[in-house]
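These protein sequence lines are chains A and B, in that order.
At position 266 of the first sequence (counting the first as 1) the number is 266 in my numbering, and the numbers step up by one without a gap.
At position 86 of the second sequence (counting the first as 1) the number is 360 in my numbering, and the numbers step up by one without a gap.
Virtual Cβ for every residue (Gly too), placed ideally from N, Cα, C.
Protein chains: 2
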Amino acid sequence: MPIADCTRLSIHTITTKPWSLEQCLAGYQRAGVRGLTVWRQTIEAMGAKRAGQLIRASGLAVTALCRSGFFPARAAAEREQAIGDAKLAISQAAEIGAPMVVLVCGALPGMPLAQARAQIRDGIAACEPCARAHRVRLAIEPLHPLYAADRSAVNTMRQARRLCEEIGSPWVGIAVDVYHTWWDDSLEQEIAAAGAAGLLFGFHLCDWRVDTRHPLNDRGLMGEGCIDLPQIRGWMEAAGFAGWHEVEIFSDSHWARDQHAFLADIIAAYTARC
Amino acid sequence: MPIADCTRLSIHTITTKPWSLEQCLAGYQRAGVRGLTVWRQTIEAMGAKRAGQLIRASGLAVTALCRSGFFPARAAAEREQAIGDAKLAISQAAEIGAPMVVLVCGALPGMPLAQARAQIRDGIAACEPCARAHRVRLAIEPLHPLYAADRSAVNTMRQARRLCEEIGSPWVGIAVDVYHTWWDDSLEQEIAAAGAAGLLFGFHLCDWRVDTRHPLNDRGLMGEGCIDLPQIRGWMEAAGFAGWHEVEIFSDSHWARDQHAFLADIIAAYTARC
């Protein structure tokens, strides 16, 4: 089924990185977008309270707060700090009306992956009571194996699902990002399994450019790359996902453009290519 | 167990890319290396017959021929061409005394992954009788998901193992490269499963640089990156692997160095860090 309209389209504020929160709210609204995922850097200067006021006044829905995590650390004090930051993010999410915090779980060059993964599990488990108390979900985002050395030691849907099962809380699930997961030959089955377990919390859209020029900031607009987006969306829907379609694009080249024009392209690509 | 000596060390000729086959043979021998994996580009000008003569005269063991594959293609004629090339590689391997051909399976931007994967399976199956006739093994090398768009749609050990099971031939197995597989949280179990099924044909060593500067040609010398090499080697040995340890490093910066000095560093890193 083609996408009929923009009622489920949400934009990550990092996607239009040059814009302030006020510009995001005005720009998205003008373009007919009804949801946004707030990156913490976008609201850092004003704080969550003021951000919440602005967002509520705009009428836009907040689909998530990005991001916290980075749990692995050598010293116990640093691990406590990461857990403290995640709890802060949970309270900020509650303040701005975000139903979930996206977790980029972290990794430490030189730390054995098994140890990093144990620290991630322990870190999320330590945050769970806070999430439950605030009624804010924690969405584990498995990151592309490309980032296993230093950004996240959680790299597949299967691994994220097993991590959720270990923690065993309705407040802990998964944010599925096509950029990180598209290559996986078990993706369809894993989305189905995650859906059956009630773990599909978020769905992030962009594209994988075949000639990627930068490991972080060269994501493609939907249609600029090789990901079969309608197929993955179909798998999400077949698995029971009925949430927002969040556009999250890190792109030096798109950030350098007029952001209104970029947003218009996003909407065109969303309705035509997803 | 630390590595005692270099009796199982093999070098891919691409690792010392500036060297001709003659220079590789002389240089490796001078350094005490007893095996080499021959890249086809190294012997292209002289041909396999002459290469076989030189290698046999040197006394070095050939551990594999790299590489063929790239099976997916839009036109049937192109797919036939890829199969023909793989058969040619098999005959070249037989000629130079290589027990296996390493397969980089291919991928085509824009072709659905499921279709590419089916074409890969069909391509390998079409080559199997030739491999059997020549008594040359085909080693499927799962490539890092980073390369799923354009180099290989086979991206995990699990996927490679299932592909081998589908084809069901003792002549088709897996080349495990630490660069492509280190991040996988199921790696230990997958190596064990592959070992139990008799599928562990090859083992490639290098390292993953945390600050990778180029997606293809910035592999690290063992110890320059974050891979726990003794751990993975231990998993291979526990799974029954008793073959060569092949050093395969693509590195613009190491290729720019004196290759004798680089080879000395490889040997030092092999005995100290693997």
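- Taking the Cβ atoms as the reference, TRP482/B lies roughly 5 Å from ILE501/B, within the contact range of under 8 Å.
- Residues of chain B whose Cβ lies closer than 8 Å to the Cβ of ASP228/A are, in chain order, PRO386, LEU387.
- Per DSSP, TRP313/B is one residue of the beta strand (DSSP E) stretching across 309–313.
- Every unbroken stretch of the alpha helix (DSSP H) spanning 4 or more residues and falling wholly within the region 128–195 of chain A is given here in chain order: 157–167, 178–181.
- Within chain A, the residues whose beta carbon sits less than 7 Å from that of ALA422/B are TRP183, listed in sequence order.
- In the three-state DSSP reduction, ARG341/B falls in the strand class (E or B).
- Per DSSP, the continuous alpha helix (DSSP H) segment holding GLY321/B begins and ends at 321–332.
- In the DSSP assignment, PHE201/A falls within the unbroken beta strand (DSSP E) covering 200–205.
- A Cβ-Cβ separation of about 7 Å places ALA338/B in contact with ALA413/B under the 8 Å criterion.
- Under the Cβ distance rule, ARG158/A counts among the residues neighbouring chain B, one pair being separated by less than 9 Å.
- From the listed residues ARG547/B, TRP529/B, ALA399/B, the smallest Cα separation to PRO292/B is found for TRP529/B.
- When 7 Å is used as the limit between beta carbons, HIS418/B is near these residues of chain A: PRO145, in chain order.
- In terms of Cβ geometry, ALA325/B and LEU362/B do not form a close pair [threshold 9 Å].
- ALA305/B is the residue among LEU283/B, MET275/B, ALA305/B, PRO276/B whose C-alpha sits nearest the C-alpha of LEU537/B.
- Taking each of PRO2/A, ALA45/A, ARG56/A, VAL102/A in turn and checking the Cα distance to LEU25/A, the smallest one comes out for ARG56/A.
- The residues GLN92, GLU95, ILE96, in chain order, have a CB closer than 6 Å to that of ALA48/A in the same chain once the five nearest residues on each side in sequence are set aside.
- Residues are counted here when their Cβ sits less than 9 Å from a Cβ of chain B; for the region 203–214 of chain A these are TRP208, ARG209, VAL210, ASP211, THR212, given in chain order.
- Sixteen is the threshold: since fewer than 16 other Cβ atoms of the shown chains lie within 10 Å of the Cβ of ALA349/B, the residue is exposed.
- Taken in chain order, the members of the region 360–386 of chain B whose beta-carbon sits within less than 8 Å of a beta-carbon on chain A are PRO383, GLY384, PRO386.
- DSSP links GLY106/A through a beta bridge to SER152/A.
- As DSSP reads the structure, VAL484/B sits in no beta bridge.
- Distance check between GLY225/A and each of PHE524/B, PRO416/B, MET385/B places MET385/B closest, using alpha-carbon atoms only.
- Residue burial annotation: GLY380/B is buried, with at least 16 other C-beta atoms found within 10 angstroms of its C-beta.
- Excluding sequence positions up to five before and after ARG507/B, its CB lies within less than 7 Å of the CB of CYS548, all in the same chain and listed in chain order.
- Below 8 Å, enough C-beta pairs join the region 396–405 of chain B and the region 433–451 of chain B to call them touching: three or more.
- Counting every other CB atom within 10 Å of its CB across the protein chains shown gives GLN119/A a total of 16 or more, marking it as buried.
- Within 10 angstroms of the beta-carbon of THR281/B lie fewer than 16 other beta-carbons, which makes it exposed.
- Taking LEU473/B as reference, the option from CYS404/B, ALA390/B, GLY517/B, GLU522/B with the minimal CA-CA separation is GLY517/B.
- DSSP, read as helix, strand or coil, puts LEU216/A in coil.
- Contact annotation: ALA390/B and LEU382/B have beta-carbon atoms nearer than 9 Å.
- Close to chain A, meaning a Cβ-Cβ distance shorter than 7 Å, are the following residues of the region 390–414 of chain B: ARG391.
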